[in-house]
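*Asks:*
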Amino acid sequence: AQSVTQLDSHVSVSEGTPVLLRCNYSSSYSPSLFWYVQHPNKGLQLLLKYTSAATLVKGINGFEAEFKKSETSFHLTKPSAHMSDAAEYFCVVSDSNSGYALNFGKGTSLLVTP
Amino acid sequence: GAVVSQHPSWVICKSGTSVKIECRSLDFQATTMFWYRQFPKQSLMLMATSNEGSKATYEQGVEKDKFLINHASLTLSTLTVTSAHPEDSSFYICSAREGAGWGTEAFFGQGTRLTVV
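Sequence lines, in order, name chains A and B.
Going by the working numbering, the first residue of the first sequence is number 1, and it counts up by one from there.
Going by the working numbering, the first residue of the second sequence is number 1, and it counts up by one from there.
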């Protein structure tokens with residue numbers, strides 16, 4: 001069975017400082033991993049995805065994530081936080097055994113302070 | 001990117017009535033669509049996988065007679081909440097993937113907020 005664990009339910013950073021949102025996964029098959037962002041009262045938007053190509057994945061809005069198989073991690077980072085980054089972030093795993101459904105982590109709420 | 005349209009965006013209904021939520025892929029064909037439920041401040045829980053032309057596959061604990069799913073065409077899936085009760089109040093989100101394979105991007109509808117009074 002596949003699963004995702006987001007290690008922090010809330011993260012607070014100051015504007016202009018780095019962002020780190022942590023995610024660990026488990027999968028018996030070669031997984032695909034995604035990060036989605038959900039702004040208040042808005043739909044989900046894909047930030048980036050890993051699908052067995054380059055382990056360092058660059059996404060939109062300056063976000064990137066590194067797939068580390070040995071650590072079963074897929075942490076999301078950004079060098080400098082912006083106020084508009086405040087939102088809920090979901091780490092998601094999918095593999096062939098899941099019938100291509102997405103399995104969501106519990107989410108991390110990112111707060112950016114001035 | 002591809003667009004998934006979900007309708008209505010919000011609905012209020014009386015206890016005991018049924019509510020239908022539509023999910024459409026506007027510019028691509030989706031043989032498989034997914035229905036999620038999201039409680040306040042919580043993650044998305046997969047309810048069922050909707051397959052075009054066949055029966056939906058429900059996750060454990062989801063009542064298939066209560067949450068009826070129909071996927072009649074490659075661009076439309078519907079979720080009907082039958083005999084709704086206040087505990088069914090939630091945010092329902094549909095998703096469709098463009099193309100086959102678990103690495104393809106999933107696109108999400110804007111969600112439907114259901115309130116049962």
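By construction, the Cβ of each residue, glycine as well, lies at the ideal position given by its N, Cα and C atoms.
Quantities reported herein were computed from a predicted structural model and do not represent experimental measurements.
Does any residue of chain A bring its CB to less than 7 Å from the CB of residue 43 of chain B?
*Replies:* Chain A contact via Cβ: present.
*Asks:* Going by C-alpha distance, which of A:111, A:37, A:41 is nearest residue 49 of chain A?
*Replies:* It is A:37.
*Asks:* Spell out whether any CB of chain A is found under 7 Å from the CB atom of residue 105 of chain B.
*Replies:* Yes, contact with chain A.
*Asks:* Within its chain, find whatever has a CB closer than 7 Å to the CB of residue 10 of chain B; leave out the 5 residues flanking it on each side and keep chain order.
*Replies:* Once the five neighbours on either side are set aside, the close Cβ partners of residue 10 of chain B are 112, 113.
*Asks:* Name the chain B residues that come within less than 7 Å of residue 101 of chain A, Cβ to Cβ?
*Replies:* Result: 34, 46, 49.
*Asks:* What are the uninterrupted segments assigned as beta strand (DSSP E) that are 3 or more residues long and contained completely in the region 30-113 of chain A, given in chain order?
*Replies:* With a minimum length of 3 residues, the continuous beta strand (DSSP E) runs that stay inside the region 30-113 of chain A are 32-38, 44-50, 56-58, 64-68, 73-78, 87-94, 108-113.
*Asks:* Which stretch, first to last residue, makes up the beta strand (DSSP E) that contains residue 113 of chain B?
*Replies:* Start and end: 112-116.
*Asks:* Classify residue 87 of chain B as helix, strand or coil using the three-state DSSP reduction.
*Replies:* DSSP places residue 87 of chain B in helix when its eight states are reduced to three.
*Asks:* So with Cβ pairs under 7 Å, would you call residue 108 of chain B a contact of chain A?
*Replies:* Taking Cβ atoms only, chain A reaches closer than 7 Å to residue 108 of chain B, which makes this a yes.
*Asks:* Excluding the 5 residues preceding and the 5 following residue 89 of chain B in the sequence, name in chain order all residues of the same chain whose CB lies nearer than 8 Å to its CB.
*Replies:* Closer than 8 Å at the Cβ level, and outside the excluded window around residue 89 of chain B, lie 114, 115, 116.
*Asks:* Please classify residue 54 of chain A as buried or exposed, where buried requires at least 16 other C-beta atoms within 10 Å of its C-beta.
*Replies:* Result: exposed.
*Asks:* Establish whether the CB of residue 111 of chain A and some CB of chain B are separated by less than 7 Å.
*Replies:* Chain B, which has no Cβ nearer than 7 Å to the Cβ of residue 111 of chain A, makes this no.
*Asks:* Which of the three DSSP states, helix, strand or coil, is assigned to residue 20 of chain B?
*Replies:* Correct three-state label for residue 20 of chain B: strand.
*Asks:* Can you give me, in chain order, the residues of the region 49-68 of chain B that have a beta carbon less than 8 Å from any beta carbon in chain A?
*Replies:* Those residues of the region 49-68 of chain B that come within reach of chain A (Cβ to Cβ, closer than 8 Å) are 49, 57.
*Asks:* Check the Cβ of residue 95 of chain B against every Cβ in chain A and list those closer than 9 Å, keeping chain order.
*Replies:* The contacting residues are 44, 101, 102.
*Asks:* What whole-angstrom Cβ distance do residue 108 of chain B and residue 105 of chain A have, given they're in contact under 8 Å?
*Replies:* Contact flag wrong, Cβ pair sits at about 16 Å.
*Asks:* Of the choices B:92, B:98, B:96, whose alpha-carbon is the least far from that of residue 21 of chain B?
*Replies:* Nearest of B:92, B:98, B:96 to residue 21 of chain B, Cα basis: B:92.
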